[in-house]
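Visitor: In my numbering, the protein residues as written are 3 to 185.
Ideal Cβ placement from N, Cα and C applies to all residues, glycine included.
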């Protein structure tokens, strides 16, 4: 028996070149790969013929009528995907005759216990206390008005800047240095 390798076209599945060509025709390639495939199509006549054949096949598929699913298809599919929890409620809910969509029983969820409520209360209190102290920490500090005895000092501050010592000012104010003005 002769041992022959099957050709990619005879293997039954698409080869890598055909898959890349299909991705190019579908617009699924990134811009760099699409540009490389466009260059290969201009240079390779066999690849261009294969691309034309694939494009004609897709154009023919667009002309064919599309099959319409039956009304029971949706009901069967949904009932297989989401089975009704009949064991939980003890009753089985059947769809109304002629209904297109199945109905699901409403099963109440678990109720929160006291731990949930205590935890929620603790979180609310923590948020309130954190907001209060955070606001106080980030609020601008209000500086009080200066005392009235300092106002005179601040008005004459430019004159006092040239004096190094307060004792010098007191000596200047004494009547012994310049004499008494009342004489």
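Does DSSP put residue 106 in a helix, in a strand, or in coil?
Guide: Coil, per DSSP.
Visitor: Less than 7 Å between C-beta atoms, sequence neighbours within five positions excluded: which residues of the same chain meet that for residue 36?
Guide: Answer for residue 36: 26, listed in chain order.
Visitor: Flag this pair as yes or no: are the beta carbons of residue 31 and residue 49 separated by less than 9 Å?
Guide: No, these two residues do not count as a Cβ contact at 9 Å.
Visitor: Quick check: residue 45 and residue 53, are their CB atoms within less than 9 Å of each other?
Guide: Cβ distance not < 9 Å, so residue 45 and residue 53 don't count as in contact.
Visitor: Looking at residue 171: is its Cβ nearer than 9 Å to the Cβ of residue 180?
Guide: Against a cut-off of 9 Å, the Cβ pair of residue 180 and residue 171 comes out as no contact.
Visitor: Going by DSSP, what residue range makes up the alpha helix (DSSP H) through residue 139?
Guide: Unbroken alpha helix (DSSP H) run through residue 139: 116-140.
Visitor: Would you call the CB atoms of residue 84 and residue 106 closer than 9 Å?
Guide: Yes. Within cutoff.
Visitor: Tell me, to the nearest whole angstrom, how far the beta carbon of residue 156 is from that of residue 149; I am working on the premise that it is less than 8 Å.
Guide: The pair is not a contact, with the Cβ atoms about 10 Å apart (cut-off 8 Å).
Visitor: Please report how far the alpha carbon of residue 114 lies from the alpha carbon of residue 128, in whole angstroms.
Guide: If you take the alpha carbons of residue 114 and residue 128, they lie about 21 Å apart.
Visitor: Taking just the CA atoms, how far does residue 132 sit from residue 138?
Guide: Approximately 10 Å between the Cα atoms of the pair.
Visitor: Let me know the secondary structure DSSP gives residue 70 once reduced to three states.
Guide: Residue 70 falls in the coil class under three-state DSSP.
Visitor: Which class does residue 7 belong to by DSSP, given the choice of helix, strand or coil?
Guide: Because residue 7 carries a pLDDT of 46, less than 50, the predicted location of this residue cannot be relied on, and the following value inherits that uncertainty. Correct three-state label for residue 7: coil.
Visitor: If we ignore side chains and look at the alpha-carbon of each, how far apart do residue 112 and residue 121 end up?
Guide: Rounded to the nearest angstrom, the two C-alpha atoms are 17 Å apart.
Visitor: In the structure shown, what three-state DSSP assignment does residue 20 receive?
Guide: Correct three-state label for residue 20: helix.
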